[in-house]
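The structure under discussion appears below in the form of C-alpha cells.
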Amino acid sequence: MRKKIIGFVLLLIVASTIFSPSNVYASAIDETITTHLGTTNMSISVRSLEDGKIIYQNNGDVGIKPASTLKLLTAASALDILGENYRFKTQLYYDGEIKDHVLYGNIYVKGGGDPTLQEENFKTFANALKRAGITTISGNLYGDDTLFIGPQLTPGIAKDDESYYYAARTSALTMSPDDDYDSGTIFVQVNASVNGNIPSVEIKPNLSGMIIVNNATTVSANEKDTLEIYREYNTNQVVITGQIPVGNSTKEWIALQDPTINTLHSVRIVLKDSGISFTSNSSIERKAVPSNATLLYTKQSIPLKKIMIPFLKLSNNSIADILVKSMGNEEFGVGSLEHGLQAVNDYGRGIGLQMEQWVFEDGSGMSHKNKITANELTSLLYLVRNEPFYPIFYDSLPIGGIPDRIVGGSLRERFNTPDLKNRVVAKTGYISGVYALSGYFKANTGKQYAFTILTQNQQSIKLSSIDEVVKTFISSY
C-alpha cells in the first residue's frame, strides 16, 4: 500500500511538472523563437525579479556578442565608481605676466574628459580672461589631454568606420556638436542650392583646422540623391561627393582625426569672436600644464546622472569610452582603457557576477571580440536593483513606444501599440550581424521580469523578430 501511495505521489509530481504553467509558457516561447529566430546563434534568458531565478533560457550560458547591451555594465560601474553626482572638469590656466591687458605668456586648456563640452562654453573662457585683465595673448594656446593615456581608438574599430561618429576617438580634451554629446565629432550639413550649382556646406562646431572638399552638385528635384559625406582616412579632410536634389538637405556626423587640436581651434575662434586677440606668431599645440601656471577658471559638466540619459537612451559610444578611462583614473590613478576595464571587472565581481563569463575589450560593445551570456546580463539586471543608484539606471533606459527621442530613445518606434507602450524598458544593441535587447518587461500579470536576447551571424534576423519573442514573454508571464 505504501508503495502505491509513493507511486501515486510521484505521478502527481511528474504530471504537475509536465503540465505546469511554466512548461506551457516555455513551449509557446520555443515555438516563437523557432518561427522568428530560426537556427541563428542565440543566447536568451528571462529572470524573475522576485527571487532572481531563471524562469526561461535558450542557450543562456552561451557567450554571444552583446553589442551595445554591454553599456548596461559600463553604466552601472560608472554610477558606482564615479558616483551619480560626478562632474567632469575642464580648466583654463595661464602663465607669464599680464601688463596693459596683454598676457606675455600662454594659456592652457586642461581636459577632464568632459563629453558635454560645447562651443558656447568657451565664451565663459573669454569672460574669465577679460576679468583677469587679458584682451591680448602674446603666446600660445596649449591643450593638456594627459588625463587619458593610450590609443584614442578602442580595439575592434575597423578602418572603414573611423570617420563616423560611432567610432569617435577618445580624448581628455574633446567637445560635442550638440546635446546628444557625441564628443569628438562635428556635423556637416549639406544644403542643395540652385540646380547645377555646388551645394552649400555648414559645419558645427566651426573648426579652422578642417579642410572641406566639396565636389557635390545640385540637381533637379526629381533626380536621385547620391550625396556622400566622409572624412578621408587619417586626415582632417572632409570630402563631399555625389548629387543632391533641389530642396534637400543632408546631415552627417563625422569623427575628428584629432579631437584635442580641433577643440583648441574652436576655443581660439570663440575667444577671437569675443574680443580676445592672439599675436601673429601664436600657435596651437599639445602641452601639459606647467606647475607654475595659474588656474583661472573651471568649467564643470552636468552631473553623471544626467549624462546617463543620452548615454543609454541614445547608445552613445563616445561617452562609454570616456567613462571607462575615467573609471581607470578614479580607481587606479591611470586613465587608460586597460585600467578602466579592470575597474569594471572589479565592480561586476563585487556585486556577484561571474566575470569569467564576461569577455570584453571596450565599454561600448563595438568590438566583435566581446562575448557575454544572456544569463549573466539578466543577473546584472537583477543585482543592480539593490544599488542606491538603480532608479537613475532604470530611468536612463529606452522605453518602448514613447515617441519622444530623449525618453523612448532607441525603442521609440518599437513596442508602440497601445497594449505594449511603457512595458518594455531595455537597452538595444546592434553591430554588423548582431542584434540584441536586454532590460525589463512588464508581463500581462503585472509582474516585471529581466530579460536578454542576444543573436548573431544570421542576416535574416530583424528587429521585429526579437520584438515578437518579447511579446511572447509578455503574454506568457
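In terms of mature numbering (1 follows the signal peptide of the UniProt record, and there is no 0), the sequence shown is residues -26 to -1, 1 to 451. Glycine included, every Cβ here is placed at the ideal spot set by N, Cα and C. Predicted model only: the values in this text are computed from it and were never measured.
Residue interval of the alpha helix (DSSP H) (run including residue i)
{"i": "residue 99", "result": "96 to 105"}
{"i": "residue 400", "result": "Careful: residue 400 lies outside any alpha helix (DSSP H), inside the beta strand (DSSP E) at 398 to 405."}
{"i": "residue 338", "result": "From DSSP, residue 338 is part of no alpha helix (DSSP H); its letter is neither H nor E."}
{"i": "residue 314", "result": "311 to 325"}
{"i": "residue 435", "result": "No alpha helix (DSSP H) contains residue 435, which DSSP labels as neither H nor E."}
{"i": "residue 226", "result": "First-last for residue 226: 223 to 229, but that is the beta strand (DSSP E), not the alpha helix (DSSP H)."}
{"i": "residue 240", "result": "233 to 247"}
{"i": "residue 286", "result": "278 to 287"}
Selected residue, minimal CA-CA separation from residue i, among the options
{"i": "residue 431", "options": "333, 408, 165, 450", "result": "408"}
{"i": "residue 455", "options": "388, 129, 411, 76", "result": "This structure does not reach residue 455, given that the chain is present from -26 up to 451, and the question cannot be answered."}
{"i": "residue 200", "options": "190, 208, 209", "result": "190"}
{"i": "residue 465", "options": "440, 96, 5", "result": "Residue 465 cannot be examined here, being either before or after the span of the chain that is shown, -26 to 451."}
{"i": "residue 384", "options": "392, 373, 393, 85", "result": "373"}
{"i": "residue 230", "options": "214, 206, 220, 218", "result": "206"}
{"i": "residue 366", "options": "37, 416, 59", "result": "59"}
{"i": "residue 21", "options": "412, 441, 418", "result": "412"}
{"i": "residue 150", "options": "253, 94, 381", "result": "94"}
{"i": "residue 129", "options": "193, 361, 144", "result": "144"}
{"i": "residue 424", "options": "11, 1, 4, 29", "result": "29"}
{"i": "residue 351", "options": "34, 13, 15, 449", "result": "34"}
{"i": "residue 109", "options": "98, 252, 215, 43", "result": "252"}
{"i": "residue 215", "options": "238, 164, 234, 312", "result": "164"}
{"i": "residue 233", "options": "148, 16, 341, 140", "result": "148"}
{"i": "residue 325", "options": "388, 267, 362", "result": "362"}
{"i": "residue 78", "options": "356, 70, 85", "result": "70"}
{"i": "residue 429", "options": "82, 3, 18", "result": "18"}
{"i": "residue 105", "options": "172, 192, 160, 250", "result": "250"}
{"i": "residue 42", "options": "340, 57, 193", "result": "340"}
{"i": "residue 355", "options": "377, 400, 317, 381", "result": "400"}
{"i": "residue 124", "options": "349, 310, 348, 438", "result": "310"}
{"i": "residue 32", "options": "46, 44, 2", "result": "2"}
{"i": "residue 173", "options": "203, 46, 160, 179", "result": "203"}
{"i": "residue 440", "options": "91, 402, 181", "result": "402"}
{"i": "residue 450", "options": "268, 426, 418, 331", "result": "418"}
{"i": "residue 116", "options": "82, 132, 140, 87", "result": "82"}
{"i": "residue 306", "options": "268, 122, 244", "result": "122"}
{"i": "residue 416", "options": "267, 448, 137, 404", "result": "448"}
{"i": "residue 330", "options": "406, 37, 98", "result": "37"}
{"i": "residue 254", "options": "111, 300, 142", "result": "111"}
{"i": "residue 86", "options": "300, 244, 435", "result": "300"}
Supposed contact pair residue j and residue i - C-beta distance, whole angstroms, cut 8 Å
{"i": "residue 120", "j": "residue 297", "result": "With a Cβ gap of about 18 Å, residue 120 and residue 297 do not count as contacting."}
{"i": "residue 345", "j": "residue 335", "result": "That pair is no contact at about 10 Å."}
{"i": "residue 455", "j": "residue 242", "result": "No answer is possible for residue 455: the residues shown for the chain start at -26 and end at 451."}
{"i": "residue 118", "j": "residue 261", "result": "7 Å"}
{"i": "residue 521", "j": "residue 188", "result": "Beyond the ends of the chain as shown, which are -26 and 451, falls residue 521; an answer cannot be given."}
{"i": "residue 220", "j": "residue 256", "result": "Not a contact, Cβ separation roughly 44 Å."}
{"i": "residue 388", "j": "residue 23", "result": "Contact flag wrong, Cβ pair sits at about 22 Å."}
{"i": "residue 183", "j": "residue 239", "result": "4 Å"}
{"i": "residue 304", "j": "residue 44", "result": "About 20 Å separates the two Cβ atoms, so there is no contact after all."}
{"i": "residue 283", "j": "residue 338", "result": "Wrong, their Cβ atoms sit about 17 Å apart, outside the cutoff."}
{"i": "residue 84", "j": "residue 67", "result": "6 Å"}
Limits of the beta strand (DSSP E) - the one that residue i falls within
{"i": "residue 16", "result": "15 to 22"}
{"i": "residue 118", "result": "115 to 118"}
{"i": "residue 258", "result": "258 to 260"}
{"i": "residue 415", "result": "408 to 416"}
{"i": "residue 299", "result": "Unbroken run through residue 299 is the alpha helix (DSSP H), 291 to 306; no beta strand (DSSP E)."}
{"i": "residue 272", "result": "268 to 274"}
Residue i Cβ short of 7 Å to the ligand GDP heavy atom set
{"i": "residue 89", "result": "The ligand GDP is not among the ligands present in this structure, which contains no ligands whatsoever."}
Cβ pair count under 8 Å reaching 3, the stretch 320 to 328 against the stretch 44 to 63: Yes, the stretch 320 to 328 touches the stretch 44 to 63.
3-residue-minimum beta strand (DSSP E) runs that sit fully inside the stretch 139 to 216, ordered along the chain: With a minimum length of 3 residues, the continuous beta strand (DSSP E) runs that stay inside the stretch 139 to 216 are 159 to 165, 174 to 178, 185 to 188, 191 to 193, 202 to 205, 211 to 215.
Unbroken stretches of the alpha helix (DSSP H), 4 residues or longer, contained in the stretch 336 to 399: Taking only runs of at least 4 residues, the alpha helix (DSSP H) segments lying wholly in the stretch 336 to 399 are 348 to 357, 364 to 369, 379 to 382.
Three CB pairs or more closer than 8 Å across the stretch 146 to 165 and the stretch 280 to 297: Counting Cβ pairs under 8 Å, three or more are found: they touch.
3 or more residues per run - each beta strand (DSSP E) lying fully within the stretch 22 to 82: Under the rule that a run must span 3 or more residues, the beta strand (DSSP E) segments found entirely inside the stretch 22 to 82 read 28 to 32, 63 to 68, 71 to 73, 76 to 78.
At least 3 beta-carbon pairs within less than 8 Å: the stretch 393 to 403 vs the stretch 443 to 450: The count of Cβ pairs closer than 8 Å, one atom from the stretch 393 to 403 and one from the stretch 443 to 450, reaches three, so the stretches are in contact.
The stretch 273 to 284 contacting the stretch 62 to 69, beta-carbon criterion three pairs below 8 Å: Using a C-beta cut-off of 8 Å, the stretch 273 to 284 makes contact with the stretch 62 to 69, since at least three inter-stretch Cβ pairs fall below that distance.
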